[in-house]
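**Student:** At the far end of the sequence shown sits residue 700, using this note's numbering, and the numbering has no gaps. We put the beta carbon where it would ideally sit given N, CA and C, even for glycine. Note that this is a predicted model, so its numbers are computed, not measured.
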Amino acid sequence: MATAKKTTTKRKKNLVIVESPSKAKTIEKYLGSTYKVVASLGHVRDLPKSQMGVDVENHFEPKYISIRGKGDVIKGLRKEAKAAKKVYLASDPDREGEAIAWHLSHLLDLDIEDDNRVVFNEITKDAVKDAFKTPRSIDMNLVDAQQARRILDRLVGYSISPVLWKKVKKGLSAGRVQSIALDLIIKREKEIEAFVPEEYWTLDTEFKKDKTNFKANFYGLNGKKAPLPDNDAVQAVLAKIDQAGDFDITNVVRKERKRQPQPPFTTSTMQQTANTQLNFRTRKTMMAAQQLYEGINLGGKEGTVGLITYMRTDSTRISEIAKHDASKFIHEEYGEDFAAIKPREVKNQEGAQDAHEAIRPSSVFRTPASIKDKLTNDQFKLYSLIWSRFVASQMTPEVLDTMTVTIEQNGVTFRANGSKTKFAGFTKAYPSAKEKDNVLPDIEIGDNVTLSTTNPDQHFTQPPARYSEAALIKALEENGVGRPSTYAPTLDTIQRRNYVKLEARRFEPTEIGMIVEDVIKDFFPDIIDIKFTAKVEEELDNVEVGNEEWVKVIENFFGPFSKEVQEAEENLEKITIKDEPAGFNCELCGAPMVVKLGRYGKFFACSRFPDCRNTKAVVKEIGMLCPTCGIGQVVERKSRRNRVFYGCSRYPECEFTSWDKPLARNCPHDDHFLVEKKVKGGKQVVCPNGDYEEDVQK
């Protein structure tokens with residue numbers, strides 16, 4: 003008897019589309035064999051680069067096109083979608099991610115009303131599986147908010163930029179948030195230039211009680227606080243006291259002070275703290291955070307797992323489960339005295355969207371030390387920072403015993419302030435937040451002390467500091483300008499356009515940046531008006547929650563703006579950027595060389611251009627012959643990533659390079675040239691061979 007052959011049909015799989023391959027790999031592992039997860043590699047549709055791409059006469063209708071270079075990706079997605087049982091769109095849980103999902107639905111002919119949109123705040127097995135139980139339709143309010151921002155920025159950029167090309171220089175650009183950032187930097191520079199320093203003095207002292215020395219500072223005269231404007235005032239104070247005599251302790255105030263922990267990170271506070279504590283640039287911080295969010299292979303049973311929650315957020319809110327887990331961990335690891343009795347609630351900053359939780363570890367039990375060998379150095383540093391800040395936020399305050407001592411003689415008052423940690427509290431998990439102890443000797447009212455030393459010191463008031471990346475992000479956030487996803491690209495843009503440069507980790511405006519800002523200030527005042535820009539951001543947030551129509555927001559903006567563009571085209575006079583004499587002649591033709599201002603900064607060029615096209619980079623000599631060839635000068639250069647390094651002026655004939663600044667003196671041990679390294683707290687002179695170093699110069 004013949005047996006019938008078994009026929010098997012290949013089961014169709016559910017298709018899940020995310021942005022990145024690493025995210026796809028992590029999620030596919032959680033969903034199992036009935037799902038296939040692929041990556042769109044970011045956006046698949048956008049406005050065209052070659053034209054405005056917005057029909058201003060037809061309700062600002064955007065003209066989207068497939069992004070150049072994404073043809074094969076789109077073709078592959080269409081093929082996968084056609085063969086799939088169902089398509090799920092699992093891009094990031096923000097309005098940018100929602101827009102990507104919407105663009106994908108158009109390209110793949112999906113029904114935007116279909117429940118195929120899946121969002122999760124953390125890439126863990128439970129979070130992903132729970133999200134797929136409750137898919138929803140695409141949220142058009144989020145899409146419209148993203149569209150409105152994109153179209154608004156396109157209208158500004160593609161309207162002002164041609165004016166700058168025509169009237170100033172080709173290759174320039176302008177944008178809403180970047181113009182505010184540039185304006186803040188330039189205003190600060192003008193404050194610094196206009197600053198007039200004022201002299202003042204301090205009188206630091208050291209007293210002795212029994213055999214213990216402690217420091218105090220001059221406070222005032224006859225019980226009232228008094229300034230020391232000059233040396234005459236200092237000498238008048240010193241003349242009043244008998245330095246060899248006893249000083250009376252007239253008051254001792256002991257108090258207990260509590261320091262509360264800070265809330266978990268938002269995007270901007272994470273960027274600021276990583277900049278100040280880890281010396282991370284904003285782009286570096288966001289790159290490491292993206293990797294931690296999308297998944298790290300921990301090996302063993304866990305495999306690949308997302309280590310932190312979504313890293314673009316303006317909220318300090320955390321879930322009840324996360325609070326419970328944190329409390330359990332703190333009880334087990336540090337003891338019940340360290341766990342906050344009631345989970346801490348922190349009010350979000352005014353204007354926060356509160357769309358996602360704060361940035362926190364996906365599992366508090368996954369300590370930095372336990373996974374250190376699975377992370378890169380940058381990933382480990384950032385994860386440690388996020389983990390410590392989150393755990394600390396759910397702990398009890400640090401308690402300090404403080405002591406203020408008043409010391410008097412002949413109507414002259416000095417004060418000494420001391421503190422000692424009584425209870426570590428949250429600093430047990432977040433040591434970098436701990437205050438240093440400054441313990442004073444046991445002193446009571448009526449005691450006498452003797453003066454050991456006096457140290458009068460002249461000072462001058464300092465101008466406000468230039469913005470660091472952290473300070474600029476804080477200023478933008480406080481003024482309601484930009485949103486979590488915009489800070490990193492904004493800072494990147496103003497540097498790429500050479501509008502600003504980073505010197506000693508601080509922003510300085512360039513000549514071309516100041517010219518562009520002057521044009522915008524004169525002809526487009528609303529663009530650099532912080533209140534106006536913050537109002538626009540608020541309106542975009544209203545679009546996101548369905549309280550405003552996106553077309554109306556753009557109409558209200560574009561009407562007055564288009565008139566400003568027309569006025570600039572008609573009335574802005576051509577700005578000529580004059581070439582500066584370089585002080586030497588062209589080695590090719592003998593004509594004088596000049597300093598020109600290009601898109602990427604200043605460079606030397608022959609004055610006979612275009613007849614002679616000789617150009618040279620502007621380099622800074624450090625006053626030292628090349629240690630390799632002994633002929634060329636060591637010059638300061640910049641890498642493609644704008645990092646300073648040192649090389650020989652005869653490159654490529656001589657290939658000497660050094661990241662650390664070489665010094666024109668040699669190591670006393672092996673006669674190798676010394677270098678100056680930047681270290682925490684200052685600079686240190688070392689031998690590259692590692693057998694000699696000098697004390698850190700503050």
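Judging by CA-CA distance, which residue of 623, 584, 613 and 593 is the nearest neighbour of residue 599?
**Tutor:** Answer by Cα proximity: 584.
**Student:** Nearest to residue 257 by alpha carbon, out of 165, 389, 401 and 339?
**Tutor:** 401
**Student:** Are the beta-carbon atoms of residue 264 and residue 342 separated by less than 8 Å?
**Tutor:** no
**Student:** Just confirm the distance between the C-beta atoms of residue 595 and residue 606, as a whole number of angstroms; I'd bet it's less than 8 Å.
**Tutor:** 5 Å
**Student:** Could you tell me how far apart the beta carbons of residue 95 and residue 123 are, in whole angstroms, since I believe they sit closer than 8 Å?
**Tutor:** The Cβ separation is near 6 Å, so the contact holds.
**Student:** I need the DSSP call for residue 461, collapsed to helix, strand or coil.
**Tutor:** Looking at residue 461 - three-state DSSP - the assignment turns out to be strand.
**Student:** Tell me which residue opens and which closes the alpha helix (DSSP H) that residue 746 is part of.
**Tutor:** What the structure shows of the chain is the stretch from 3 to 700, and residue 746 is not part of that stretch, so it cannot be assessed.
**Student:** What did DSSP end up calling residue 220 once you bin it into helix, strand or coil?
**Tutor:** In the displayed model, residue 220 falls within a strand according to three-state DSSP.
**Student:** Counting only the same chain and skipping the five closest in sequence on each side, list residues whose C-beta sits under 8 Å from that of residue 139.
**Tutor:** 114, 115, 116, 117, 118 and 119
**Student:** Please determine if the region 444 to 459 and the region 267 to 275 are in contact, where contact requires at least 3 C-beta pairs separated by less than 8 Å.
**Tutor:** no
**Student:** Residue 629 and residue 675 - do their beta-carbons sit closer together than 8 Å?
**Tutor:** yes
**Student:** May I ask you to verify whether the region 501 to 518 touches the region 458 to 471, counting CB pairs closer than 8 Å and requiring at least 3?
**Tutor:** yes
**Student:** Note down, in chain order, each residue of its chain lying with its Cβ closer than 8 Å to the Cβ of residue 356, except the 5 sequence neighbours on either side.
**Tutor:** Unreliable positioning characterises residue 356 in this predicted model, as indicated by a pLDDT of 47, which lies under 50. A coordinate reading is not provided.
**Student:** Smallest Cα separation from residue 663: which of 575, 688, 404 and 144?
**Tutor:** Looking at the Cα atoms, 688 is the closest of the given residues.
**Student:** Please return the same chain residues whose Cβ sits closer than 6 Å to the Cβ of residue 459, not counting the five positions on each side in sequence.
**Tutor:** 204
**Student:** Could you tell me the alpha carbon to alpha carbon distance between residue 160 and residue 436, rounded to whole angstroms?
**Tutor:** 49 Å
**Student:** Output the boundary residues of the beta strand (DSSP E) element that contains residue 623.
**Tutor:** 622 to 627
**Student:** Ordered along the chain, which non-local residues of its own chain (more than five positions away) have a Cβ less than 7 Å from that of residue 666?
**Tutor:** 625 and 626
**Student:** Which residue spans inside the region 651 to 690 form an unbroken beta strand (DSSP E) run of at least 3?
**Tutor:** 663 to 668, 675 to 681 and 684 to 688
**Student:** Closest to residue 517 by CA distance: which of 170, 49 and 102 is it?
**Tutor:** 170
**Student:** Using only the alpha-carbon positions, how far apart do residue 127 and residue 29 sit?
**Tutor:** 8 Å
**Student:** Tell me whether the region 587 to 594 and the region 552 to 568 touch, counting them as touching only if at least three CB pairs, one residue from each stretch, are closer than 8 Å.
**Tutor:** Contact between the region 587 to 594 and the region 552 to 568 is not established, with fewer than three Cβ pairs separated by less than 8 Å.
**Student:** Just the C-alpha distance for residue 361 and residue 302, rounded to the nearest angstrom, thanks.
**Tutor:** Residue 361 and residue 302 have their C-alpha atoms spaced approximately 26 Å apart.
**Student:** At a cut of 8 Å, does the region 519 to 535 reach the region 176 to 194 through at least three beta carbon pairs?
**Tutor:** yes
**Student:** Measuring only the C-alpha atoms, how far is residue 243 from residue 200?
**Tutor:** 27 Å
**Student:** Our contact map puts residue 478 next to residue 150 with C-beta atoms below 8 Å; I'd like the distance itself, whole angstroms only.
**Tutor:** Not confirmed; about 19 Å, so no contact.
**Student:** Out of curiosity, what's the CA-to-CA distance linking residue 146 and residue 92?
**Tutor:** Here the alpha carbon of residue 146 sits roughly 18 Å from the alpha carbon of residue 92.
**Student:** Output yes or no for whether 8 Å exceeds the beta carbon distance between residue 474 and residue 184.
**Tutor:** no
**Student:** At a cut of 8 Å, does the region 20 to 27 reach the region 294 to 311 through at least three beta carbon pairs?
**Tutor:** yes
**Student:** Quick one: grab the DSSP three-state call for residue 48.
**Tutor:** strand
**Student:** Counting C-beta neighbours from all protein chains within 10 Å, is the total for residue 702 16 or more, i.e. buried, or is it exposed?
**Tutor:** Outside the shown range of the chain (3 to 700) lies residue 702, about which nothing can therefore be said.
**Student:** In the DSSP output, which residue or residues are listed as bridge partners for residue 416?
**Tutor:** 220 and 409
**Student:** Determine the DSSP secondary structure at residue 255, reduced to helix, strand or coil.
**Tutor:** strand
**Student:** Pair every Cβ in the region 281 to 296 with every Cβ in the region 370 to 382, then say whether three or more of these pairs are closer than 8 Å.
**Tutor:** yes
**Student:** Mind checking residue 670: buried by the 16 CB within 10 Å criterion, or exposed?
**Tutor:** exposed
**Student:** Return the chain-ordered list of same chain residues with a C-beta closer than 6 Å to the C-beta of residue 579, the five sequence neighbours on each side being excluded.
**Tutor:** Around residue 579: 599.
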